[in-house]
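Report on one structure; see the data block that follows.
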Amino acid sequence: MPEFIIKRVLQTLIVVFLALTGVFFLVRLSGDPTILFLPPDAPKDQIAEYRHTLGFDRPLYVQYADYIIHVVQGDFGDSLVTKESALGRILSSFPATLQLALSAFVVSLVIAIPIGVLSAYKRNTWFDKFGVGLTVLGQAIPSFWLGLLFIYFFAVKLHWFPTGGRSASLSMILPTATLAIYSLARLVRFTRSKMLDVLKKDYIRTMKAVGVSTLEILTKYALKNALLPIITLIALDLGALLEGAVITEIVFSWPGIGMQVMNALMSRDFPVVMAGIFVISLIYSVINFAADLLYSVVDPQIRLK
Amino acid sequence: MTNVVRKTDTEEKSMPVLRRKSHFVSFFSDLIRSKTGLAGFFIICLLFVIGIIGFLIVPFNPMDTETAQKLLPPHTEGHLMGTDQLGRDVFSRVILGTRVSLTIGIVTVVLAGVIGTVIGVLAGFFRGWLDMVLMRIVDVQLSFPFILLVLVVNAVLGSGLKNIIISLIIAGWVVFARVVRSEVLAIREKEFIIACVATGVSGWEIMVKHILPNLFTPIIVLASLQVANFIIAEASVSFLGFGVQPPQPAWGNMLNEGKDYIFNAWWMITFPGLAIVITALGINLFGDWLRDELDHDL
Amino acid sequence: MKNILDVSNLEVKFQTRRGGVQPLRGVSFRVHEGETLGIVGESGCGKSVTLLSVMGLLPNDMAEISKGKVLFEDQEITHLKEHERRKLRGSKMSMIFQEPMTSLNPVFTIGDQLSQPLRKHTKLGKKEMKKRIIDMLKLVGISRTEEIIHQYPHQLSGGMRQRVMICLAIICEPQLLIADEPTTALDVTIQAQILDLLKKIKQKNNMSIIFITHDLGVVAELCDRVIVMYTGQIVEEADVRTFFNSPKHPYSKGLLASMPKEDERKQKLYAIKGNVPGLNELPLGCSFSNRCPMAFDRCKMSPPVVKVDGQICRCWLYAEQKVGEQHGE
Numbered sequence: 001m002p003e004f005i006i007k008r009v010l011q012t013l014i015v016v017f018l019a020l021t022g023v024f025f026l027v028r029l030s031g032d033p034t035i036l037f038l039p040p041d042a043p044k045d046q047i048a049e050y051r052h053t054l055g056f057d058r059p060l061y062v063q064y065a066d067y068i069i070h071v072v073q074g075d076f077g078d079s080l081v082t083k084e085s086a087l088g089r090i091l092s093s094f095p096a097t098l099q100l101a102l103s104a105f106v107v108s109l110v111i112a113i114p115i116g117v118l119s120a121y122k123r124n125t126w127f128d129k130f131g132v133g134l135t136v137l138g139q140a141i142p143s144f145w146l147g148l149l150f151i152y153f154f155a156v157k158l159h160w161f162p163t164g165g166r167s168a169s170l171s172m173i174l175p176t177a178t179l180a181i182y183s184l185a186r187l188v189r190f191t192r193s194k195m196l197d198v199l200k201k202d203y204i205r206t207m208k209a210v211g212v213s214t215l216e217i218l219t220k221y222a223l224k225n226a227l228l229p230i231i232t233l234i235a236l237d238l239g240a241l242l243e244g245a246v247i248t249e250i251v252f253s254w255p256g257i258g259m260q261v262m263n264a265l266m267s268r269d270f271p272v273v274m275a276g277i278f279v280i281s282l283i284y285s286v287i288n289f290a291a292d293l294l295y296s297v298v299d300p301q302i303r304l305k
Numbered sequence: 001m002t003n004v005v006r007k008t009d010t011e012e013k014s015m016p017v018l019r020r021k022s023h024f025v026s027f028f029s030d031l032i033r034s035k036t037g038l039a040g041f042f043i044i045c046l047l048f049v050i051g052i053i054g055f056l057i058v059p060f061n062p063m064d065t066e067t068a069q070k071l072l073p074p075h076t077e078g079h080l081m082g083t084d085q086l087g088r089d090v091f092s093r094v095i096l097g098t099r100v101s102l103t104i105g106i107v108t109v110v111l112a113g114v115i116g117t118v119i120g121v122l123a124g125f126f127r128g129w130l131d132m133v134l135m136r137i138v139d140v141q142l143s144f145p146f147i148l149l150v151l152v153v154n155a156v157l158g159s160g161l162k163n164i165i166i167s168l169i170i171a172g173w174v175v176f177a178r179v180v181r182s183e184v185l186a187i188r189e190k191e192f193i194i195a196c197v198a199t200g201v202s203g204w205e206i207m208v209k210h211i212l213p214n215l216f217t218p219i220i221v222l223a224s225l226q227v228a229n230f231i232i233a234e235a236s237v238s239f240l241g242f243g244v245q246p247p248q249p250a251w252g253n254m255l256n257e258g259k260d261y262i263f264n265a266w267w268m269i270t271f272p273g274l275a276i277v278i279t280a281l282g283i284n285l286f287g288d289w290l291r292d293e294l295d296h297d298l
Numbered sequence: 001m002k003n004i005l006d007v008s009n010l011e012v013k014f015q016t017r018r019g020g021v022q023p024l025r026g027v028s029f030r031v032h033e034g035e036t037l038g039i040v041g042e043s044g045c046g047k048s049v050t051l052l053s054v055m056g057l058l059p060n061d062m063a064e065i066s067k068g069k070v071l072f073e074d075q076e077i078t079h080l081k082e083h084e085r086r087k088l089r090g091s092k093m094s095m096i097f098q099e100p101m102t103s104l105n106p107v108f109t110i111g112d113q114l115s116q117p118l119r120k121h122t123k124l125g126k127k128e129m130k131k132r133i134i135d136m137l138k139l140v141g142i143s144r145t146e147e148i149i150h151q152y153p154h155q156l157s158g159g160m161r162q163r164v165m166i167c168l169a170i171i172c173e174p175q176l177l178i179a180d181e182p183t184t185a186l187d188v189t190i191q192a193q194i195l196d197l198l199k200k201i202k203q204k205n206n207m208s209i210i211f212i213t214h215d216l217g218v219v220a221e222l223c224d225r226v227i228v229m230y231t232g233q234i235v236e237e238a239d240v241r242t243f244f245n246s247p248k249h250p251y252s253k254g255l256l257a258s259m260p261k262e263d264e265r266k267q268k269l270y271a272i273k274g275n276v277p278g279l280n281e282l283p284l285g286c287s288f289s290n291r292c293p294m295a296f297d298r299c300k301m302s303p304p305v306v307k308v309d310g311q312i313c314r315c316w317l318y319a320e321q322k323v324g325e326q327h328g329e
């Protein structure tokens with residue numbers, strides 16, 4: 001077990017390190033980074049001076065080594081716009097993202113699993129068909145458009161909620177709903193199909209044959225069996241949720257990491273972009289790691305290696 | 001008389017061909033039996049027609065700005081879906097946006113699919129250090145959100161149709177590589193491959209003759225479902241102000257322009273969004289059916 | 001002798017995506033108290049469907065009992081509500097399945113799964129339950145019982161799992177045990193042990209057993225009476241001795257002839273020609289007529305059910321003798 005954890009931590013570090021390396025070279029090789037870092041109408045001497053202060057006139061490998069040395073010390077450089085620490089800016093917006101993602105996650109989980117289970121149980125009835133229809137539709141609706149529609153109906157027309165931001169107490173509702181619906185469709189669909197798989201298994205028939213009721217089989221036995229693949233999807237889905245969060249944050253001006261990175265991209269504030277990528281890929285890896293740990297708790301057949 | 005004789009002649013010769021055709025026929029008769037698959041198929045056909053001849057049927061030039069006519073609601077002065085902030089006809093722009101979306105969806109899926117397949121096959125077949133290196137790259141790419149990767153790459157490369165396609169390919173090939181690799185690993189363990197190895201068939205021949213044909217189904221299914229993902233991804237990126245730039249009409253950038261007028265022009269955010277939903281719905285319905293159908297055959 | 005089970009004229013229909021089929025076409029048989037009945041036939045002949053209908057375990061979204069009655073202890077059970085059926089299952093009638101490897105839930109301990117029928121059908125307390133489980137595990141020949149109840153199925157061998165399955169089925173001491181090819185997936189030596197075990201339990205508890213198999217050797221060893229099924233119908237019914245000495249139906253003869261015998265080791269085994277026809281492509285009249293070496297022109301019509309020397313046989317060959325009722329028995 002400790003061996004497994006050490007191995008995974010190392011793996012995570014390698015992946016994050018490679019991700020940073022990739023983006024570093026992507027940014028540097030795509031042209032003179034100074035120009036990316038400055039407004040397009042900057043005068044020539046200012047560009048040259050800036051290039052020197054940022055160290056872009058040095059050979060690439062020196063720049064890379066320098067960057068990595070700083071990153072290892074937790075220094076991602078300063079924001080080119082606000083001059084604050086880039087990592088600090090990203091981390092300060094982390095709670096907002098966490099709040100949005102977690103609340104949406106909980107909402108979608110609480111709705112999706114019962115619907116998925118019921119849909120599988122009532123297979124081919126109107127309830128099931130309705131549920132499946134909604135999930136198919138839900139997967140075809142881009143979250144940013146759903147967000148726009150919500151803003152139009154509930155904020156612009158009905159004035160129930162603010163159009164965006166995080167200051168008002170009700171401002172959470174619309175982004176949470178948008179993001180929850182985004183992952184709801186996939187979770188329902190996946191829960192249903194996994195439950196159907198499990199309900200076909202011989203061991204379910206065994207339990208029926210000794211007189212256990214369908215409801216009990218469904219909630220106690222089948223759900224525990226289906227939980228394993230569902231956990232995998234949820235882990236993957238938390239990643240997707242993060243992706244949806246980026247878009248949702250931008251639509252609702254929710255001041256999370258997604259919006260920070262987006263703003264940084266717009267203003268070509270690459271130190272902040274790099275710090276954002278670092279934090280996001282770290283979160284991703286941690287989620288996957290947690291899913292693996294959870295796995296071993298649910299399935300006695302899995303020994304962590 | 002001679003005519004008749006000839007006819008039966010060709011009929012007999014074409015027997016094997018006919019048999020192969022019946023596979024094709026059964027494919028379509030199955031499609032007709034599935035309501036949802038058929039609906040998806042019709043939507044896709046319709047989109048193709050609109051994409052190809054759309055420029056012939058638009059009532060207005062989608063680029064024509066007419067500030068006097070700006071922000072007209074639907075059904076006024078011949079504007080079926082109203083006009084935008086520059087007085088351009090929304091209907092015509094939605095129609096022309098079809099071509100952009102379809103082009104992006106198909107081109108990116110084909111290229112990302114080919115690249116991903118080649119890499120997946122190499123990694124799965126040769127294993128060893130090559131597999132390790134390639135799969136680390138895949139891990140890295142999968143360690144952050146697809147959309148964010150597209151955004152970052154696009155921001156670095158610059159906007160525009162060509163660059164959004166390149167960005168989508170760079171971000172999208174990994175899914176194919178991963179699926180293909182695991183399929184190859186699974187096929188390698190099958191008895192018939194082991195039998196080939198045991199009878200001394202060369203590695204190259206095994207790969208081309210025995211492994212590649214078995215990858216066809218999973219790749220087709222994955223690709224059909226990825227088209228919708230890529231179209232939505234492009235729309236998202238264009239919506240965020242990168243990707244396809246106005247005045248070129250794309251559903252994503254129309255929504256981007258529309259969101260600034262959300263207080264007084266609901267039609268600007270409604271119709272392009274509906275177009276995306278219908279497109280994604282059609283492709284997904286067909287893709288889901290295709291997966292079930294091909295699975296059924298296996 | 002008292003009947004524990006009386007199935008009469010049972011018909012089952014399946015609805016599939018590509019139309020309906022009828023896997024059971026009027027099946028009637030009885031099981032006496034304390035008797036072992038063997039049901040034989042090739043795959044797809046309706047053996048399992050028959051017994052799943054008796055248990056009430058047919059997949060209810062696609063299968064339907066369209067006709068016939070099942071009397072269990074003189075009570076008609078096909079019309080019972082699901083919760084009433086549940087009371088019978090696991091307590092008065094229970095079933096062992098073919099696949100011991102997949103029939104136990106991989107994420108629950110053996111003890112947990114064995115306690116399930118007790119929780120459903122008895123009012124035993126925790127300690128009594130555990131005692132009962134351990135006693136029953138010992139009965140099915142498992143030592144290290146204290147250890148086993150905390151283990152998961154994947155930690156046990158196939159033979160051990162089948163013992164656990166048997167234990168699960170008999171833990172409430174049912175009157176009727178249905179065994180659906182319980183030894184097919186096991187090694188030969190384990191097979192013999194499991195058969196011995198079933199014999200022992202039957203004697204001890206005086207239950208009736210229905211034993212589904214396609215292995216006639218097992219029938220000879222274990223059963224009192226035999227039913228031969230083909231394409232959803234019973235084609236022959238006889239007591240074991242009569243069946244092996246003078247089978248009547250050509251299909252039964254074929255089955256017996258295709259069984260290897262010790263003194264014929266070097267000879268080529270007989271095989272019934274052709275394959276079992278699909279349920280939607282049955283030949284007209286006798287459904288075995290297309291494979292039957294004795295077929296003649298009357299076989300184009302539905303064969304009668306005939307009683308010959310205490311055997312029941314569905315065949316035109318014996319039609320000159322006493323004709324039984326046309327339908328059912």
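Protein chains in written order, with our numbering: chain A, 1 to 305; chain B, 1 to 298; chain C, 1 to 329.
No residue lacks a Cβ here, since even glycine has one placed at the ideal position from N, Cα and C.
Within 8 Å of the CB of K194/A, no CB atom of chain C is found; the nearest one sits about 13 Å away. Where E146/C is concerned, there is no enclosing beta strand (DSSP E), although the alpha helix (DSSP H) around it starts and stops at 145 to 148. Three or more beta-carbon pairs separated by less than 8 Å are not found between the segment 72 to 87 of chain A and the segment 218 to 238 of chain A, which leaves the two stretches without contact.
When rounded, the separation of the alpha-carbon atoms in L186/C and L80/C is 36 Å. When the five nearest sequence neighbours on each side are left out, the beta carbons in the same chain lying within less than 6 Å of the beta carbon of S103/A are those of T176, in order along the chain. Closest in alpha carbon position to R298/C, among S208/C, R314/C, V226/C, K307/C, is R314/C.
Taking a beta-carbon distance threshold of 7 Å, K190/B does not count as an interface residue toward chain A.
Sequence-ordered contacts of the segment 91 to 111 of chain C with chain A read S91, S94, M95, F97, E99, T102, S103, L104, N105, P106, V107, F108 [C-beta pairs closer than 8 Å]. Of the residues assessed, M62/C falls on the exposed side of the cut-off, its CB having fewer than 16 other CB atoms within 10 angstroms. For D61/C, the nearest CB of chain A lies under 7 Å from its own CB, placing it at the interface with that chain. At a beta-carbon threshold of 7 Å, the residues of chain B lying near P142/A are I232, A235, S236, I276, ordered along the chain. The beta carbons of Q248/B and S159/B sit no closer together than 7 Å. Contact of T206/A with chain C is assigned, a C-beta pair being separated by under 7 Å.
Listed along the chain, the chain B residues whose CB falls inside 7 Å of the CB of Q139/A are N284. Between V308/C and Y318/C, the CB-CB gap stays under 7 Å. Of all residues in the segment 114 to 129 of chain C, those with a C-beta nearer than 7 Å to a C-beta of chain A are Q116, P117, K120, H121, reading in chain order.
Between P142/A and S236/B a beta carbon distance of about 6 Å is seen, short of the 8 Å cut, so the two are scored as contacting.
The straight-line gap separating the alpha-carbon atoms of L225/B and S171/A is approximately 34 Å. In this structure, L24/C lies near E11/C, with their beta-carbon atoms less than 7 Å apart. Residues F14, L279, N280 of the same chain have their beta carbon placed closer than 7 Å to that of V21/C, with the five preceding and five following residues left out of the count.
For chain A, none of the residues of the segment 96 to 122 of chain B brings a beta carbon within less than 9 Å of one of its beta carbons. For P106/C, the closest C-alpha among the options T248/A, L238/A, L227/A, D269/A is that of L227/A. Within the same chain, G51, G54 come within 7 Å of R99/B by CB-CB distance, once the 5 residues on both sides are set aside. Taken through DSSP and simplified to helix, strand or coil, S213/A comes out as coil. Taking 8 Å as the cut-off between beta carbons, the residues of the segment 207 to 225 of chain A near chain C are M207, K208, A209, V210, G211, V212, S213, T214, Y221, K224, N225, in sequence order. Taking V273/A as the centre and dropping the five residues before and after it, the same chain places the C-beta of V261, A264, L265 closer than 7 Å to its C-beta, in chain order. Between the alpha carbons of F24/B and D292/B lies a gap of roughly 16 Å. Sorting L37/C, T231/C, G26/C, I312/C by C-alpha distance to the C-alpha of I4/C places L37/C at the top. The alpha-carbon separation between S48/C and I212/C amounts to approximately 8 Å.
Boundaries around K130/C are those of the alpha helix (DSSP H), 126 to 139, since no beta strand (DSSP E) includes it. Where S167/A is concerned, there is no enclosing alpha helix (DSSP H), because DSSP gives it neither an H nor an E. Taking the C-beta atoms as reference points, F288/C is found nearer than 7 Å to Y251/C. By the 16-neighbour rule on beta-carbons within 10 angstroms, S91/C is buried.
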